[in-house]
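Everything on this sheet refers to the single structure shown next.
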Amino acid sequence: MTSIFSRIIAREIPADIVFESDRIIAFRDIAPQAPVHLLVVPKTESYANVVELAAGDPALMAEMVHTAHALAAEHANGDFRLIFNTGEEAGQTVFHVHAHVLAGGLAEGSLGRG
Ligand code: 5GP
């Protein structure tokens, strides 16, 4: 089954793409939860979530973290929050592993300082 993110990678549906390499793509989330809200997505859809990715290709996961940092530096001051929703009850809706990169003035919350 082709994921919605694979359709973005294939340019079948539009997205505001901010970064692309041979293994990774990043684009703005369609429903932003922070001033900067990007999705960093491996092009392969072999991994449904971060647990599978970490076991199957840790170097690709490290590449995602590097990309998240570079994009947070480009779009904000370099500080960022990295979120991998894992499983339906944690709010995961797209089962093609992706990292949410939140930056640019984050609301305080249970995971922040508030
Ligand atoms: P999840 O809930 O699986 O952690 O994250 C999926 C994210 O993908 C959501 O934040 C949602 O807003 C975003 N999303 C879903 N469909 C699209 C789309 O077609 N384009 C873009 N840019 N983001 C999408």
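Per this note's numbering, numbering of the sequence shown is gapless, rising by one per residue and ending at 120. Every residue gets a Cβ at the ideal spot worked out from N, C-alpha and C, and that includes glycine.
Report buried or exposed for residue i, applying the criterion of at least 16 other Cβ atoms within 10 angstroms of its Cβ.
i, result
"ALA78", "buried"
"ILE19", "exposed"
"ILE36", "exposed"
"PRO48", "buried"
"VAL71", "exposed"
"THR8", "exposed"
"THR99", "exposed"
Within the continuous alpha helix (DSSP H) that includes residue i, where are the two ends?
i, result
"ARG87", "First-last for ARG87: 87-89, but that is the beta strand (DSSP E), not the alpha helix (DSSP H)."
May I ask which residues mark the beginning and end of the beta strand (DSSP E) holding residue i?
i, result
"LEU108", "105-109"
Contact check, residue i vs residue j under 8 Å by CB: the rounded distance?
i, j, result
"VAL46", "HIS104", "7 Å"
"ALA32", "LEU108", "Rounded, the Cβ-Cβ distance is 13 Å, inconsistent with contact."
"ARG34", "GLU69", "Contact doesn't hold; Cβ gap of about 20 Å is too wide."
Query raised in the report: Taking contact to mean at least 3 C-beta pairs separated by less than 8 Å, is the segment 55-65 in contact with the segment 7-25?
Result: no
Report task. Taking 8 Å as the threshold, find out whether the segment 88-97 comes into contact with the segment 39-58 through three or more Cβ pairs. Result -> yes
Query raised in the report: What are the uninterrupted segments assigned as beta strand (DSSP E) that are 3 or more residues long and contained completely in the segment 7-89, given in chain order?
Result: 23-26, 30-34, 42-48, 87-89
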